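The working numbering numbers the first residue of the sequence shown as 85 and each following residue consecutively.
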Amino acid sequence: MSELVEVKTIGEVERIVHASGLWDGTGPVEFSDDGETWRETWAPTSDRPFPEYARVTVYRKEVRVPTTVTIRWDEQVPTADPFWAAKWANAPMRHFGRTVRMVAFRQTFRELLGDMVLEDEDRSGRETTAPAEAPEPAPRDWAAEIAAAADAATLDEIDAAARKARVFTPDAAGTALHRALRSRRAELTTSAAAPIAGQRVEMSARQSGKSIRMPSDYQPPANRAARRKKGRR
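Below, the structure written as structure tokens:
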């Protein structure tokens, strides 16, 4: 069964390592033609067109012994891939040095990097997987959202999003959508004003039908009026 690995650039790997809080430094990359004399710079000769070895030391916090990795050119150069093989031949220090850092990072931070590899590393027997891309969101049904808007605030949000998405295009579809939004806004405005108007009419009706009570203290008592009538007889 093939092993799933993730392809990364050296920059992405370094960001993961540095952000972990566990990284405590990386020594300079050194090259050698014989495994005894090491130099940070290397130049090809007629006998040695490529460096034979590369090494680097990576330090991890709270680990007493640093990780020093030494790799050989003929074990790392991607000869099976003409594209990358040509790049290695044109810039041996760059690609050989990048690979030795990757090997050292993997050994030092195995729990962070797992089996991540560089794009030019040998992946025979492994199945690579690229980072999963987020699925594209489903297209919005603007007409349905406009028709379902329950209040003016919701409709305003839809209006702003639609304008940002440039859906009110100068064609039949865009014009129809804009008309639907204006129509829905008019409906919401009318429905919101109806209860207020009803309350005003009811209040006016109550005020117009209310009887006006006049003071009655000016009227004489009923028995006094009766006595006067009796006296006239």
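We treat Cβ as the ideally placed atom computed from N, Cα and C, and that holds for glycine. From a predicted model like this one, the values you see are computed outputs, not experimental measurements.
Coil, strand or helix - residue i by DSSP
i: Arg263; result: helix
i: Glu96; result: helix
Distance between beta carbons of residue j and residue i, contact taken as under 8 Å
i: Trp122; j: Ser116; result: 5 Å
i: Met177; j: Val97; result: In fact, because the Cβ distance is near 19 Å, the residues do not count as touching under 8 Å.
Whether residue i touches residue j by CB criterion (8 Å)
i: Thr163; j: Arg139; result: no
i: Val101; j: Phe167; result: no
i: Leu239; j: Arg268; result: yes
i: Leu196; j: Met186; result: no
i: Gln160; j: Thr192; result: no
i: Ala245; j: Phe252; result: no
i: Leu272; j: Asp235; result: yes
i: Phe206; j: His179; result: Sequence inspection shows Asp at residue 206; the Phe mentioned does not correspond to that position. No.
query: If you pair each beta-carbon of the stretch 102-113 with each one of the stretch 143-159, do three or more pairs fall below 8 Å?
result: yes
field: Ranges of the alpha helix (DSSP H) found wholly within the stretch 170-248, counting only runs of at least 4
entry: 176-192, 194-197, 226-232 and 236-248
Secondary structure, beta strand (DSSP E): runs of 3+ residues fully inside the stretch 101-173: 107-110, 114-116, 137-144 and 151-156
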